[in-house]
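Enquirer: Start counting at 1 in the sequence shown, then tack on 4, and there's your number in the numbering used here. Note that the Cβ used here is the ideal one computed from N, Cα and C, for glycine as well. Predicted model only: the values in this text are computed from it and were never measured. One structure coming up, written as C-alpha cells, with questions to follow.
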Amino acid sequence: MFRKVHHVGIVVRSLEAALDFYRDCLGLPVVRMAEVPDQGVRAALLASGESELELLEPTDPSTGVARFLAKRGEGLHHLCLETDDVAGELTRFGARGVPLIDRVPRPGLAGRIGFLHPEACAGVLVELATPTEARPPAAAPLGLCRVVVGTEDPVGLGERLQSLFGLPLQEINAGKRVQAEAGPVALLLVPADQAGGTQGMLALSLQTDDLAAAIARLEAGRRGFLRGAREITVEPASSHGVPLHISQP
Ligand code: CO
Numbered sequence: 005m006f007r008k009v010h011h012v013g014i015v016v017r018s019l020e021a022a023l024d025f026y027r028d029c030l031g032l033p034v035v036r037m038a039e040v041p042d043q044g045v046r047a048a049l050l051a052s053g054e055s056e057l058e059l060l061e062p063t064d065p066s067t068g069v070a071r072f073l074a075k076r077g078e079g080l081h082h083l084c085l086e087t088d089d090v091a092g093e094l095t096r097f098g099a100r101g102v103p104l105i106d107r108v109p110r111p112g113l114a115g116r117i118g119f120l121h122p123e124a125c126a127g128v129l130v131e132l133a134t135p136t137e138a139r140p141p142a143a144a145p146l147g148l149c150r151v152v153v154g155t156e157d158p159v160g161l162g163e164r165l166q167s168l169f170g171l172p173l174q175e176i177n178a179g180k181r182v183q184a185e186a187g188p189v190a191l192l193l194v195p196a197d198q199a200g201g202t203q204g205m206l207a208l209s210l211q212t213d214d215l216a217a218a219i220a221r222l223e224a225g226r227r228g229f230l231r232g233a234r235e236i237t238v239e240p241a242s243s244h245g246v247p248l249h250i251s252q253p
C-alpha cells in the first residue's frame, strides 16, 4: 500500500545555499537534517503540505548523487513514495522481476528506505520509505501539490505506476496527458515532445493560500520569477535547478 508522495529529492551543490532559498526565502520548515554516510550526502527534509522536499548535497564524489550533479547539474533527482512496509514491497517487487537498486531496506533520512532501479519507471528514480519517526508538527506556507514528469509514453508510464503502486489514474486530452494520484500530490505525465524532449521529473507545483506573501518573500530575497495570471514560476537559477510553479487555488 502506497499512501502518498513522502518527498521529492533535489540534488544541490551546497546544502547551505539551498537552505537559504527553500527554508529562509520560501519559508519551508526543516523537519530533519543529517549526514547520511551510506548515501554520501548531507541532506535536509523540509515540510511542504503533507509531503516534504529533500535537499541532497553530495559529500563523496563516487556516489550516484555526485555523478548526477556532475552530469546534469542541480535539480530534481528522485520521487519517494511512503509505504507501511518497505521491506515487504521490495521483496514483492523483486519476486515480480521489477528492477531494483535495493533488495532490502537501509537507513535513510526518511526512515527505512529502498530504491527501485530507474528502468522500473521509465527513467524516473523512485524511492520507497517507511518512516520510523513521526514528523514533528510543522506548518509550511507552501504545499507540494503536483510533480510534472516528461515521458515518451504517458499512458504506458501511468499504467506502470498504477500496476506497481496502485495509484489511481485520470486521462486528460484523450490520453495525451495522464495524471496519477499519489494522495494529495498529483503526478502529471506529459509527452516529452511537449517538454523540449526532456524525460523524467520536470517541475514542481506548490500551493499557497497567500500568493502575495510568497511574492513578497521572493522579492525580498531577490529571487527571479515570472508572473502569470494566477501563478508565478520561480526561475530555476533561483530554485537550484527546479522549475517551481506557485499558485493560489
Ligand atoms: Co529521498
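Roughly how many angstroms lie between the CA atoms of P41 and L60, to the nearest whole one?
Expert: So the two alpha carbons sit approximately 12 Å from each other.
Enquirer: Closest to L146 by C-alpha separation, out of V108, L57, E39, would be which residue?
Expert: Considering only alpha carbons, the answer is L57.
Enquirer: Once DSSP output is grouped into helix, strand and coil, what is the label at R139?
Expert: In this structure, R139 counts as coil in the three-state DSSP scheme.
Enquirer: Is any heavy atom of the ligand CO found at a distance shorter than 7 Å from the C-beta of G79?
Expert: G79 Cβ: outside cutoff for every heavy atom of the ligand CO.
Enquirer: With the cut-off set at 8 Å, would you say C15 and H81 are in Cβ contact?
Expert: The sequence shown places Val at residue 15, not Cys. Yes, they are a contact pair.
Enquirer: Pick out whichever of E20, R36, E54 has its Cα sitting closest to the Cα of P188.
Expert: Here the closest residue by C-alpha is E54.
Enquirer: Please classify L129: does DSSP put it in a helix, a strand, or coil?
Expert: L129 falls in the coil class under three-state DSSP.
Enquirer: Kindly indicate which three-state DSSP category I105 falls into: helix, strand or coil?
Expert: Three-state result, I105: coil.
Enquirer: Do E131 and the ligand CO come close, with the Cβ less than 7 Å from some heavy atom?
Expert: Because some heavy atom of the ligand CO lies under 7 Å away, the Cβ of E131 counts as near it: yes.
Enquirer: Cβ-heavy atom distance between H244 and the ligand CO below 7 Å?
Expert: H244: no, Cβ never under 7 Å from the ligand CO.
Enquirer: Just mark L230 as buried or exposed, buried being the case when its beta carbon has 16 or more other beta carbons within 10 Å.
Expert: L230 should be labelled exposed.
Enquirer: Is E58 near the ligand CO, with its Cβ less than 7 Å from a heavy atom?
Expert: Checking every heavy atom of the ligand CO against the Cβ of E58, one is found closer than 7 Å.
Enquirer: Looking at G204 and the ligand CO, is the gap between the Cβ and the nearest heavy atom below 7 Å?
Expert: No, since every heavy atom of the ligand CO falls outside the 7 Å radius drawn around the Cβ of G204.
Enquirer: What are the boundary residues of the beta strand (DSSP E) that A47 is part of?
Expert: 45 to 52 is the span of the beta strand (DSSP E), which, as asked, contains A47.
Enquirer: Going straight from the alpha carbon of A186 to that of K8, what length do you get?
Expert: Between A186 and K8, the C-alpha separation is close to 5 Å.
Enquirer: Flag this pair as touching only if the segment 236 to 250 and the segment 208 to 221 have three or more C-beta atom pairs under 8 Å; answer yes or no.
Expert: Judged by Cβ distances under 8 Å, the segment 236 to 250 makes contact with the segment 208 to 221, as three or more pairs qualify.
Enquirer: Compute every distance between the C-beta of G112 and the non-hydrogen atoms of the ligand CO, then say whether any falls below 7 Å.
Expert: Because some heavy atom of the ligand CO lies under 7 Å away, the Cβ of G112 counts as near it: yes.
Enquirer: Measuring only from the beta carbon, is H11 closer than 7 Å to any heavy atom that is part of the ligand CO?
Expert: Flag set: Cβ of H11 near the ligand CO.
Enquirer: Please determine if the segment 119 to 137 and the segment 96 to 105 are in contact, where contact requires at least 3 C-beta pairs separated by less than 8 Å.
Expert: Touching, per the Cβ criterion.
Enquirer: Over what stretch of residues does the alpha helix (DSSP H) that includes E163 continue unbroken?
Expert: Per DSSP, E163 belongs to the alpha helix (DSSP H) from 158 to 169.
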